[in-house]
Structures are given as C-alpha cells and as structure tokens.
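Asker: One line per chain: the protein sequences are S, R, E and A, in this order.
According to the numbering used here, the residues represented by the first sequence are 122 to 488, in order.
According to the numbering used here, the residues represented by the second sequence are 122 to 488, in order.
According to the numbering used here, the residues represented by the third sequence are 122 to 488, in order.
According to the numbering used here, the residues represented by the fourth sequence are 122 to 488, in order.
Glycine is no exception: its CB is placed at the ideal position from the N, C-alpha and C atoms.
There are 4 protein chains.
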Amino acid sequence: MGLSHLVYPGANHTRFHHALGCLHLMKKAVDILKFKGVDISEEEEEGVLIAILLHDIGHGPFSHALEHSIVSDLSHEYLSLEFMNRLNIEFQGQLTLAINIFRGNHDKKFLCQLISSQLDIDRLDYLKRDSFYTGVAEGNINSERLINMLNVVDDKLVVEEKGIYSIEKFLVARRLMYWQVYLHKTSLSAEQLLIRLLRRAKYIFETTDEQIENSTLNYFLRHDINSENFDDITLQLFSKLDDYDIISALKSWQNHDDFVLSRLSKMILNRDLLKIKLKNEPIDQEKLKCHLSKVIKNYKLSEEEAEYFVFEGTTSNLAYQPDKEHINIWYKNGKIKDVSSASDQLNLKALSKTVVKHYLCYPKTYN
Amino acid sequence: MGLSHLVYPGANHTRFHHALGCLHLMKKAVDILKFKGVDISEEEEEGVLIAILLHDIGHGPFSHALEHSIVSDLSHEYLSLEFMNRLNIEFQGQLTLAINIFRGNHDKKFLCQLISSQLDIDRLDYLKRDSFYTGVAEGNINSERLINMLNVVDDKLVVEEKGIYSIEKFLVARRLMYWQVYLHKTSLSAEQLLIRLLRRAKYIFETTDEQIENSTLNYFLRHDINSENFDDITLQLFSKLDDYDIISALKSWQNHDDFVLSRLSKMILNRDLLKIKLKNEPIDQEKLKCHLSKVIKNYKLSEEEAEYFVFEGTTSNLAYQPDKEHINIWYKNGKIKDVSSASDQLNLKALSKTVVKHYLCYPKTYN
Amino acid sequence: MGLSHLVYPGANHTRFHHALGCLHLMKKAVDILKFKGVDISEEEEEGVLIAILLHDIGHGPFSHALEHSIVSDLSHEYLSLEFMNRLNIEFQGQLTLAINIFRGNHDKKFLCQLISSQLDIDRLDYLKRDSFYTGVAEGNINSERLINMLNVVDDKLVVEEKGIYSIEKFLVARRLMYWQVYLHKTSLSAEQLLIRLLRRAKYIFETTDEQIENSTLNYFLRHDINSENFDDITLQLFSKLDDYDIISALKSWQNHDDFVLSRLSKMILNRDLLKIKLKNEPIDQEKLKCHLSKVIKNYKLSEEEAEYFVFEGTTSNLAYQPDKEHINIWYKNGKIKDVSSASDQLNLKALSKTVVKHYLCYPKTYN
Amino acid sequence: MGLSHLVYPGANHTRFHHALGCLHLMKKAVDILKFKGVDISEEEEEGVLIAILLHDIGHGPFSHALEHSIVSDLSHEYLSLEFMNRLNIEFQGQLTLAINIFRGNHDKKFLCQLISSQLDIDRLDYLKRDSFYTGVAEGNINSERLINMLNVVDDKLVVEEKGIYSIEKFLVARRLMYWQVYLHKTSLSAEQLLIRLLRRAKYIFETTDEQIENSTLNYFLRHDINSENFDDITLQLFSKLDDYDIISALKSWQNHDDFVLSRLSKMILNRDLLKIKLKNEPIDQEKLKCHLSKVIKNYKLSEEEAEYFVFEGTTSNLAYQPDKEHINIWYKNGKIKDVSSASDQLNLKALSKTVVKHYLCYPKTYN
C-alpha cells in the first residue's frame, strides 16, 4: 500500500499478512477444483501453494518507490525469482515445481493462471484486504464466491456462467479501488516525493564521501544495482532492507546540509506534502514553468534542484486487459467467452481502454 | 420480494420493515442536505418523511402478481395515493404537502426526487435490505456514503464528484440484484404460476355460484375492480387483504374440483414449480406447441386450460434510464453531467440499453 | 421466535431456515471431529445429520403458544419423534439410527450431545440466527470458532481449554438474548394473549355447533388431542397446520359474536396488546383484583371471561444447567472440568441459579 | 498493542488511529447527552474533545516496554500531561479546560468520567478496534449502543437500566480480550524480552564510551530521566522517539559485541522468542535455577547475564474495579446501583477479584 496510510490511517497491513491470506485462498481454490474433478497432484498442490506464498517476496520497502529510485531496473518479480532460486538451493530442489508455476512454465497452465492472471489469487486477496483495512467498503469483493465459481476447461481457468455478475462486480470494485485508493492523489504525491528523495540521496551519497550510518542502506545508495551485477551478497543485503531503514534515514536526513534532501524528508515525515492537480488533459507547460521559477527564486535553488519540488507526470489505470489475457466465462452449453463480450449489458469493453490522468505537483507555500 | 423466499429462504422481510428503513434513511438525507445549507422547512421535512413512509402502502399481497391478476389495471402507485388521500381526510389536510411531494407536484423538485428517481431513498433501502436478507453479498450498497454525497444544485438532486465510483457500484449492484434475485428464474416461474392461479380463481368465482369463505378475497375475485368503480368500500377491503388470505385460499383450493386451480395451488404450496428456460432469443414455437400437446394429452385438458401450464413470456431489466431521468454528477468546477457520460471508463451508456430475455415454462413431468 | 416480530420487525426468519442452518453447522462439527481423529462412521454421520435436520419438525405454528392451548400435553419433541417414526416407515428403516441419536439412545453419547445438550448445534444456530435477524448484535456468537474447539474425550463432547473464553461469551450472549429477545415483555404479553385466544376458541368450538371453515384447524379445536388418541390421521392433519391457518382464523374471528374471541383477535392483529408489568417479586393480589373488577365492569363480563384480559404469571430463565448436564472444558493436562468451575474469574455458578420474574397483564384502556 | 502483531499479524493499527476513533466516539457521546438534556457548554464540549484526542499522546514507542526500561518512573499519563501543558502555552491557554478535565479536576465530574473511568471512551474505542484488527471477533463490543445508553444523574455518568445486558457483555468481552490478546503468552514473552533488551542497552551505553548513531535514542539511553530532571528539551526529544528508532537500533545491535544485546535483538527480530509457561501457582524455584544453570553453562554467561534469558514474573487482570469506581445502572424508578450488584444472575462481583498468573521464561534450545 506504499504511503496510503497517509490517506487511510487504518491501512497499516503488511505484505506478510497478504502472503498468509493468499496461501489461505489458494488452498480453498485447490480444494474446490479438486472437488470438481480437476486433476492436481500432491506435488502440484504444494508447488502452487509455495508459489503464491512467495510471489511477493521480492518486494522491497515502499516497493514501487524503491523500484523507481534505488534498484531502478529490477522488477519485484525478478527479485522474487532470485529469492526462490536461492531458497531452492537451500531446500535441495524442492521449489523447482513452484518456480516453474511462478514463471508460467508449468505445463498445466491453469496453475500458472492461479498465480498470475486477470483473476489470480493475488488480486482476490489484496482487493478484499485493502478494502477492509482502508474502510473503503465499496471495494469489498466476495472472494469466496468467486473461488467457488472457478473451474478448468481445456487447461484454462474459467468462471462458471452463473458467476458472471460476480465477475462484473469484481472488475468494478477493482476499478473503484484504483481511483479511490491506489491512485489517490495524496498517496500519488507522497510516493513521487519519496522517489525523488531517494534519488537525491543516491546522488549525494554516490558523489560525496559522506558516511551513512546504516550499512545496508549505504550499500544500495552507493552502488548501481542492476541485473548484471546482482549477486548473492546483494540479495542477502536486499533481504535486510525494510521500512525501518528508510524511515530512520529520513528522520536523520531532516537535519542534512543538503536543502533538497532535508526538505523532502521533513515533508514526508510531517505529512506536509506537495499540492497535486489531476487532469484529463496534459499539463499546461506555462503553469509548470511558473511554479518552477517561484521555487527557484524563493528556495534559492538551481533549476535542476527545483525540479525535485515541481514536476509533472501521468498515471493510468487499465481495469481489464483482455488483449493480454481473458477472464473466461464457461457456459452450460460448453462454450467459452471472454467476460467483456459475455456481459450482455455492462459494456466491459470500455474497461479495457486505458484511462490516463496527468498530474502536476508543486509546493503549497513558498516560505 | 414476492416469492423469492422459494429461492432465498432468508428473504422473509416485510414491506413494513422496508417502510421503516426508508423513513430512517430519509431522515439522514434531510439532515445531510440541511447541514450542507439546502433550504428545507419543517413542514417540508415532515412532508417528505410522510411521503416515503407511505410510498408503498398501496401494495397488495404478492404485489406484482396481484396487479396482473385481480386488480389488473390499478398500479400500486395509484392505490398508495388513494390511501394517502383517505388518510388526509382523517388527518384534516395534514398530508397535503406529503401528497404533493409523492405526486411530483411540489415546487422543490429535489424533494420529489428523493421519493422517486434513479437514486431515490426507496432504492437505497431495498437494495441493501434485499442483499442482506437473501445473503447475496454482492448486492450490498453503501447507502450511507451515497446519502452523504448528495447535494442540491438548481433544485436538482446531484451527487458530488467524489461519489462517482460509488454510483457506478450502485448501478452495477442493482443490475446484479435484478438478474440474481428479482428476476431469478425460479421466482419468475413461481410468480407466473401465481398470476395464472389467481386468474383461474377469478374466472371460476365470477362464472359460478360457488361460495368462497373469505369474504374479503371473495369481493376481489367476484368484482372487476378498476379506476372507474374504485370506491371507499373497495379501499377498505383492499386494506384488509394480505398474504394470509391468499395462501389460506391456496391451501383450501388444493382440494378444489377444478383440476387447474387445484393443481396450480399444489404446485406453489409444495414448491413443485414448472420448469423454466431463459433465452436471449424468442421461444421456438414448435417446442411450445409440443409441450402444450403433451399437457393436453396427459392432463386431459382443453388447449385453453393447458395454457395455464405451458406458456411463454419476456422479462427485461433496464439498469439505468437516463432518458427518463438523470443521475447528476456535480463537479467542483460547477458543471453537472449525467453519470453515464461522466464515467470515464465504465461505459454506463450500455446500462441504459434494455436487456430482454424470453422464457418458456412447462411441467417437469406429466404424471 | 413466536411473536417476536412485533418487537423486532426483522425477525421473520423461519424454522425451515433454521433446520438448514443446523444441518450446515452439524456438517462442520462432524468434519472437525473426524479431522481430530474421532471415530464417526458414514452411517452415524448420516444419522446425526438427519436427526438435526428433523429435530424441530414437530413444532406447530406459534409453537409454544400452541403447546399450551390446542395440543396441551404434547411436547414438540414428542411430535418430532412421531414424524420421524412415520418417515422411517416410508423410508424402510433408514432413519432408525437418526431416531436413536435423537432419543439419546445411541451408544456414542457425544453424537446425542450434538443434538441436545448445553452446547448443541441447535443453540449454535438459533442464537446466531436470531441475533442476526433481530439486529441485537450483542447476541452474536462465534459458532464457527466454538465448533472448531469441540472434541470428544471418553465419549463426551468437550471444549478445548483455549475455548473457555468463547464459552463464557456464549453463555452471556445466550442470557442476553433471553431477556432482551425471547422473554421481551411485549412478546411475552403477545404470546400469553394468543394462548388465551386459542383456549377461548377451543372452548367455543367444543361447546357449540358453530362451523369453522378451515377443516384442519376445526379438527384441532374440536378434539382433545393427547398422547393416548394421537394417531396417523392426527399427524397428517397436524403437518398441514401452519401460521396461515391461525392468522386467517384470527382475521375472521375479529367479527365473531363472542366478545372475548373477537376482542383478543383484534388485539393481536392490530398489535394493540395488554400492558405488562415485570417484577422480581410476586404480583400484588390487590392490584390484580382491582384490574379484574375494572374489566368486569367496563367490558360487562363475567369474572371467568375477564380473566382472559387480566392475569398474572411467571417467567424464568436458567442460563446454564450444570446439574442437568455439563459443558466440559478439556485441559491440556488431560483433566476435564465443568465450565462453571473452570472459569477463574467469571462466577458462572451464578448462571445456574434460576431467575424468576413475575408478570401482570391488564388492558391499557377500558374503552 | 505492543508486540501483539507477532501473534495477530493484522494488529498493526496505530495510536493515531485510536485517537481519531476516540474523538469520533466522544462526539457521539456528547451529542447523545446533550440530546437527553444534559448541560454541556460549547467550551466544555471542546475541552472534552481535546482531552480525549490527546489522552494518549504521552505514550512512547512500545509504550509499556519503554516505561519499564528507559524512562522508568514516568507514566504515560504524566507525559501526556506534560505535552498538553506545552501545547497550552503554544495555544495561549486554550487547553486549560481540557487539561482540567483530563486531570479529573473539572467540576462536572461526568466529563472527567468520559475520559477516565470503568466505561470511558478510551475503552469503548480500543476494545472494538483491537477486536477488529486482531480478528478476535468475540471481543467485539457494541460501542454505539453503549453510548446511546449513557446518561448523567447527580453529575455521575450512568447507564440506563435497559443497557445492563450490554454492560455485562462489555465486561465479559474486555476480560476475554485481556487473556486472549493483551496478555497472550507469546506477546508477554516478547514484551519481557524487549524490556530486558532495552535495560541491557541502557547499561551498556551508560557504562561505556560507545557511540550510538541515533542521537535521540542516545539521549534516552545515556541519561536517567525522571520527574525531577524532565525538562523541555527532554519533552522535545521524547516527541521524536518512535518505533523506527527502536527497531533500527535492534537491527544494528544484532551484530553488537555484547552477546546479551546481540542475542536479544536477534530473538525479537526473528520472532525466535523464549519459551513461556503460565501457571496459577508460583513458579517452582528449582526449575528456574535449573534453566539458569543451563544458560550459564551453554551460553558461557555470568548469572547476572543469564537472568536476561531466564526469569519469572506475574501478570494479572482485574476485569472490573468497583472499589475504584462504579459502573452505575440507573433504574426507571430513579435508583442507581453498581452493575455488580444490579446484575441478577451473572455474578459480576467475581470479576472484581484480581486474577494473578505466574510465568517462567527460558530459552527453547541452548545452541
């Protein structure tokens, strides 16, 4: 949830809790499918359970912020895989099947779909969980009913015909959670601040001799980590990095000599964020420049430095991606249709159109 | 809910309970609007509360079934109005304002919209209530949040911009409840049986001297009630008619000499309903005729009588009717847009397309 | 729930729904016990499921009211057993095991305890259900957790040590539901009225030639049914008697010549009940006599007739009956203790003291 | 909740969220009381709202653990008061009324009782909140109904007669939460470990020259803070200390040269806690000594050092303290009784008996 607790103060749930929830739902899904006669061996059951338990293990602290600042070209999927491979060595190959399912390489494709698809267990858990902890009741989905409606036809995960309205509601709830929670403008503004703060920190610690106290964080700020040089030591250190390191660093950076680093740290810690405007059209460049000049003048900064406080960007939400992969509705007559054409009245095709919003961030005051 | 308890055994909630719920929600809506500075006088508040409390008072037992059989051309809105007028005499004109609001004649149109519109208090109560009692969790709506988002602009009820996702979810939940509950094929089949049963009873008691024990029901079976001859006595008797009269009649008709009446009564009481097929295309007339012949032959009936057991029809659901009336979204910049064009991604226009389904009913067995 | 809907308008749930709920919970209990290694054969599982499904089948309409008026010395347990025996003949002995469990005669006593004991499945369903439908949230119990804590030791149902606080809460919730719902003074007053009304009806129809239209109800009003003369025909007729017969009779009796019958009918139908006073001490006989005289004088009735409108009685609640049967707590060290001595702080022994309350009913007005 | 998330992974809610919840409930309570005619001026309303918002502001990170290690003789109530006094200077006396209410010095005693008593708003919020986030459903209380039952008689907060069953349930739920959550043996063991770890750290940093990186934490580890020397600078620094400082310190101390500090840090961070035995009787001193010797021998420690890993203690729960202050039940006849004598059946007097449990902690293994 990144910094969503700044908007929804109850949203302090953890990735660990999500992993347990996914495991629980996956067990239900496997039980239901086996009850319906789908062939899943004991090894496959164990594999798909391990895969879902570990699917998010590669997320670092403030996951998306970190991916766009410190370990810039390493996705969390890549890192999850690195961890699984490491664990597979430790457990002498017992995770091989899990890894194949996680990578989408297992020959029973429906098992891979349970891990990653338009209707995977991950989504069934996090939508419900995030709705619960934020209190955004409209995002609540009926995970249990959705799982009960699952089946497998021709090695594809399908939803039984009578589940179509539940799927519609799942897609609409997901869309609502995106705009109301995940892409809430205050969270967005906070996350962008954190990304810039970490980039600034990286710039400073890469270009000066200054010592940082936390050796783990030090490593990631001083080294350019990428898939080429990612090794066992990096993995080891990455596993130790958590929210406590980041926030503690921010706390100490409040008094740093660098104005940008110090100011950005204070802004996040005191929840004194940038103003953010969300628009359907591209940002007016005049306005952007105008705010930039004000920051340059008032904060006495270079243009480069001012861009830490005034910037634009885009955010988008694609509620349903049938091009990438379908949610299949299975009719009693044996036919299978994608949900966006199966739904008679609710034009779900529209959900597969990306909605792009443009944002402009700038300081609330210039004191 | 008519005969929905045959499908959802928990759905035994009453119209009385619904009336109390509406009153409760209306009080909340009035409080919120007044808090936001909307001018509502004490008399108007009383009026709109009375109007919602009594809005459904004209419903007879098994409301829709009755409207299509016994009091065929009298809508429940007409009857509610008759009751209110009668009460207005008794209370010496104290209901005049309430009646004007109910009829849509009050000059503050937003008060009328609270009683009857695409987002009226009636719907906010019954969707939540029916979802609760059927256990169809996906139909649950956040009535309280929807009410909190209400406002009035230019004498029109509007929903504040940030409520748009809640409105989308309300419309999708409503659509889901229609197909999953209100138009559930088993309820549909039961309701059609009841309509036909009551028509048969009316036919028998109008054309024979047979005495029926229940004098109230007797009156309605022997008289053709319509808006011309509807008088105070009819109103008085209508107010006494309830589910107990209908079901008790069915219980005694199980042993009636008329095969049709007796058989239909048993079918409903024993939940031994007709088979029903729901299709997107018109019913194949050959199939219909085939079932008719079987009934004629096996039950030894005339074609006219057989049509009580084999029949076709259509049912439709229009989730949102912007032509009739809008759900207005009010933007911070002052603009007002209909929700179907305000929603960026979810093509709500599709919701305003009527979905028609065709059904064919016929006996499960011919013993 | 008898006439509780007069107080809690949502409380319209049915005995059928309760039977389904019990079946559902019993399946869970059986699964948990089998999972823990308790030996339950397939036949026994079927037996205990049938027994719980049918455990309440002998309840007539407004069960307790009927037991104290029309079929005075026949308990619903006796009648349930009669139905099961009848079904056993129809199903050629397949219910024998179920009947033994229901009667407490099966050699595995814990199966009998699941049907009837201080912590039986019946209670686990009805407390939760009644709390849900009345909206008395404090009566809600965690049936699922309670079932998860069950085990069997020495053929006795026990609750594992860590479930002790849940048991305490179950007993307190039960007590709360008794006073707040089941013995609510308005329901009590309504039920006493109905008992007296049915006795009056029985008196009238036994002593006059008057014809009553409903032949089923007629049978029970004109015959003294007891365990001696209870036969197959009676059982058949009893199975047809439901709330619709009783309420329809009341509706027609509103206009009966007998003042007592007519007045009592109107009082119940119009929810215009007697006033009721609940006291910890016996009723002051002077007050009782005073009200009686007023009724005799104002209604112009004999003393015997007046006693239909003015009467006293007692009601009691015994929250926990360790003398009859224990709720056993099973400690990790193997010991078993009754919950009332196991609870360290909450003096549950007090719960096993019967609380008796005295009530006095009399008319609100004498017009 | 201290370290409860080690047992209940959802229990990550914050004190900030609790403060908001209390504010919300207090507003409800004030509205209800004013609606019932209790005289509360605007200043008093503001005062009681400020008092509840700030009542917990003096809690440091891992509150109770900190109180028993770092700032040993300063209660969180003392610190809350210090913060309020400081804010009162900043806000030029606007908090004076709030402070008087918080200290119990305001002349309307019922306002003080809303802040601190057997049924204060604090408890109404935290019981419900902790039940929600831990998932221990039985601890759920009906805060809203309890607030609706409040009234004031003779300047005392009372509960109306019909709320007595809700109060009983509140007391039982509270008791359940104590044993099942707050005093859960695993949390207890973790908290005791943390207390000892912080004492060890204090010992090391007071007796050596070693530099600690975090200057805020450094201050509290190197100084003996007590009510004598507590000044504005201390308050300032205390306000900056949070969970991030403590956990970050633990992370770095994992590699500390001091075996005790390093080992304790690892134990908490890796959730590799001590074994804990809970007994109703005092701990057997032989057993304690036996575990001590094992630790001395296996870890090669002095006895003093070994006592960080092997220790005994007591924990207790007093569910209801009528001696200290009553929960008053207000009868319709005007009388007021303490709930423990008002309850007819549930012996609440037993709740006022302190339950003491003894615990013994020692390592799971000696490697």
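(1) What does DSSP give as the partner residues of THR92 of chain E in its beta bridges?
(2) Could you pull out every unbroken alpha helix (DSSP H) segment of at least 4 residues lying fully inside the segment 258 to 321 of chain S, listed in chain order?
(3) Less than 8 Å between the C-beta atoms of GLU289 of chain S and LEU297 of chain R, yes or no?
(4) Of the residues that make up the segment 135 to 148 of chain E, which ones have a beta carbon closer than 7 Å to any beta carbon in chain R?
(5) Please list the partners that GLY131 of chain A has in chain S, where partner means a Cβ-to-Cβ separation under 7 Å.
(6) Using a Cβ-Cβ cut-off of 8 Å (strictly less than) and excluding sequence neighbours within five positions of LEU127 of chain E, which residues of its own chain qualify?
(7) Please go through the segment 218 to 243 of chain R and give each complete alpha helix (DSSP H) segment of 4 or more residues, from N-terminal end onward.
(8) Just to make sure I have the definition right: I need the residues of chain A whose C-beta is within less than 7 Å of the C-beta of TYR247 of chain E. Which are they?
(9) Please confirm if VAL293 of chain E has its CB atom under 8 Å from at least one CB of chain A.
(10) Figure out for me which residue from E:GLU259, E:VAL274 and E:SER287 has the closest Cα to the Cα of ASN286 of chain A.
(11) Going by DSSP in three states, LEU216 of chain R sits in which element: helix, strand or coil?
(12) Kindly indicate which three-state DSSP category TYR483 of chain S falls into: helix, strand or coil?
(13) Would DSSP call LEU399 of chain E helix, strand or coil?
(14) If I follow the unbroken beta strand (DSSP E) through LYS458 of chain E, where does it start and stop?
(15) Leaving aside the five residues before and after LEU240 of chain R along the sequence, list all residues of the same chain whose C-beta is less than 6 Å from its C-beta, in chain order.
(16) Verify whether the separation of the beta carbon atoms of ILE316 of chain S and ALA132 of chain S is less than 8 Å.
(17) Measuring alpha carbon to alpha carbon, tell me which of S:TYR129, S:TYR324 and S:PHE291 ends up nearest SER461 of chain S.
(18) Report buried or exposed for PRO403 of chain E, applying the criterion of at least 16 other Cβ atoms within 10 angstroms of its Cβ.
(19) Quick check: what's the CA-CA separation for ARG384 of chain R versus ASN339 of chain E?
(20) Taking all protein chains shown into account, do 16 or more other C-beta atoms lie within 10 angstroms of the C-beta of LYS155 of chain E, making it buried, or fewer, making it exposed?
(21) I'd like to know whether the C-beta atoms of VAL192 of chain A and TRP451 of chain A end up nearer to each other than 8 Å.
(22) Check distances from the C-beta atoms of the segment 255 to 279 of chain A to those of chain E and list, in chain order, the residues that come in under 7 Å.
(23) Relative to the alpha-carbon of ASP459 of chain E, which residue among E:HIS197, E:HIS134, E:GLU281 and E:LEU141 has its alpha-carbon at the smallest distance?
(24) Anything in chain E within Cβ reach of TYR480 of chain A, meaning under 8 Å, just list it in chain order.
(25) Give the straight-line distance between the Cα atoms of ILE457 of chain E and GLY284 of chain E, rounded to the nearest whole angstrom.
(26) Tell me the rounded alpha-carbon separation between VAL302 of chain E and PHE183 of chain E.
(27) Is TYR324 of chain E close to chain A, meaning its C-beta is less than 8 Å from at least one C-beta of that chain?
(28) Who are the neighbours of ILE368 of chain S on chain A, taking C-beta pairs under 8 Å?
(29) Which residue wins for smallest C-alpha separation from SER252 of chain E, given the options E:TYR129, E:VAL476 and E:ASN226?
(30) Quick one: which residues of the segment 281 to 311 of chain S get their C-beta closer than 8 Å to a C-beta of chain R? List them in chain order.
(31) Which class does ASN206 of chain S belong to by DSSP, given the choice of helix, strand or coil?
(32) Decide if the segment 418 to 426 of chain E is in contact with the segment 342 to 355 of chain E; the criterion is three or more beta carbon pairs, one per stretch, under 8 Å apart.
(33) Any C-beta of chain S sitting closer than 8 Å to the C-beta of GLU424 of chain A?
(34) Between the alpha carbons of LEU278 of chain R and MET122 of chain S, how many angstroms are there, rounded?
(35) Residues bridged to ASN454 of chain E by DSSP?
Answerer: On the basis of the data shown:
(1) This structure cannot speak to residue 92 of chain E, because chain E is shown only from 122 to 488.
(2) 264 to 269 and 285 to 298
(3) Here residue 289 of chain S refers to the residue found at position 168 of the first sequence. Here residue 297 of chain R refers to the residue found at position 176 of the second sequence. Yes. Within cutoff.
(4) THR135, PHE137, HIS138 and LEU141
(5) The count along the fourth sequence starts at 1 and reaches residue 131 of chain A at position 10. Within 7 Å Cβ-Cβ: HIS134 and HIS138.
(6) Taking the first residue of the third sequence as position 1, residue 127 of chain E is located at position 6. Excluding positions up to five away in sequence, the list reads THR307, SER308, ALA311, ARG392 and LEU394.
(7) 230 to 236
(8) Position 126 of the third sequence, counted from the first residue, corresponds to residue 247 of chain E. Those do not exist, as TYR247 of chain E stays about 18 Å from chain A at its closest Cβ, beyond 7 Å.
(9) Translated into positions along the third sequence, residue 293 of chain E becomes position 172. Chain A contact via Cβ: present.
(10) If you number the fourth sequence from 1, residue 286 of chain A lands on position 165. Note on residue identity: the sequence assigns Tyr, not Asn, to residue 286 of chain A. Out of E:GLU259, E:VAL274 and E:SER287, E:GLU259 has the C-alpha closest to the C-alpha of TYR286 of chain A.
(11) Within the second sequence, numbered from 1, the residue matching residue 216 of chain R stands at position 95. If DSSP states are grouped into helix, strand and coil, LEU216 of chain R belongs with coil.
(12) The residue given as residue 483 of chain S occupies position 362 in the first sequence. TYR483 of chain S: strand per DSSP, three-state reduction.
(13) Locating residue 399 of chain E in the third sequence gives position 278, counting from the first residue. Residue state, collapsed to three classes: strand.
(14) Sequence index remark: in the third sequence, residue 458 of chain E carries index 337 (1-based). Element bounds for LYS458 of chain E: 457 to 459.
(15) For the purposes of this step, residue 240 of chain R is taken as the residue at position 119 of the second sequence. ILE448, listed in sequence order.
(16) For the purposes of this step, residue 316 of chain S is taken as residue 195 along the first sequence, with counting starting at 1. For the purposes of this step, residue 132 of chain S is taken as residue 11 along the first sequence, with counting starting at 1. Cβ distance not < 8 Å, so ILE316 of chain S and ALA132 of chain S don't count as in contact.
(17) Position 340 of the first sequence, counted from the start, is the residue given in the question as residue 461 of chain S. Taking only the C-alpha atoms, the option nearest SER461 of chain S is S:PHE291.
(18) Counting from one through the third sequence, the residue named residue 403 of chain E turns up at place 282. Classification for PRO403 of chain E: exposed.
(19) Here residue 384 of chain R is taken as the residue at index 263 of the second sequence, counted from 1. Here residue 339 of chain E is taken as the residue at index 218 of the third sequence, counted from 1. Their Cα atoms are separated by approximately 24 Å.
(20) For this step, residue 155 of chain E is matched to residue 34 along the third sequence. LYS155 of chain E comes out exposed.
(21) Taking the fourth sequence and counting its residues from 1, one reaches residue 192 of chain A at position 71. Taking the fourth sequence and counting its residues from 1, one reaches residue 451 of chain A at position 330. No; because the gap between Cβ atoms is not below 8 Å, this pair is not in contact.
(22) ALA258, GLU259 and ASN263
(23) Here residue 459 of chain E refers to the residue found at position 338 when the third sequence is read from its first residue. Selected option, being the one with the closest Cα: E:GLU281.
(24) As a working note, residue 480 of chain A is residue 359 in the fourth sequence. Residues of chain E passing the Cβ test: none, with the nearest at roughly 15 Å.
(25) Reading the third sequence from its first residue, position 336 is the one you call residue 457 of chain E. Reading the third sequence from its first residue, position 163 is the one you call residue 284 of chain E. Their backbone Cα atoms lie some 13 Å apart in a straight line.
(26) Locating residue 302 of chain E in the third sequence gives position 181, where the first residue counts as 1. Locating residue 183 of chain E in the third sequence gives position 62, where the first residue counts as 1. For VAL302 of chain E and PHE183 of chain E, the distance between alpha carbons rounds to 16 Å.
(27) As a working mapping, residue 324 of chain E is identified with position 203 in the third sequence. No, its Cβ sits nowhere closer than 8 Å to a Cβ of chain A.
(28) Taking the first residue of the first sequence as 1, we reach residue 368 of chain S at position 247. Going along chain A in sequence order, the residues near ILE368 of chain S (Cβ under 8 Å) are TYR365.
(29) The residue given as residue 252 of chain E occupies position 131 in the third sequence. Among E:TYR129, E:VAL476 and E:ASN226, the Cα nearest to that of SER252 of chain E is on E:TYR129.
(30) TYR286, SER287, GLU289, LYS290, VAL293, ALA294, ARG296, LEU297, TRP300 and GLN301
(31) Counted from its first residue, the first sequence places residue 206 of chain S at position 85. If DSSP states are grouped into helix, strand and coil, ASN206 of chain S belongs with the helices.
(32) no
(33) Here residue 424 of chain A refers to the residue found at position 303 of the fourth sequence. False, the Cβ-Cβ gap to chain S never drops below 8 Å.
(34) Along the second sequence, read from residue 1 onward, the residue named residue 278 of chain R stands at position 157. Along the first sequence, read from residue 1 onward, the residue named residue 122 of chain S stands at position 1. Cα to Cα, LEU278 of chain R sits roughly 35 Å from MET122 of chain S.
(35) One-based indexing of the third sequence puts residue 454 of chain E at position 333. DSSP, once it has assigned bridges, lists no residue as partnering ASN454 of chain E.
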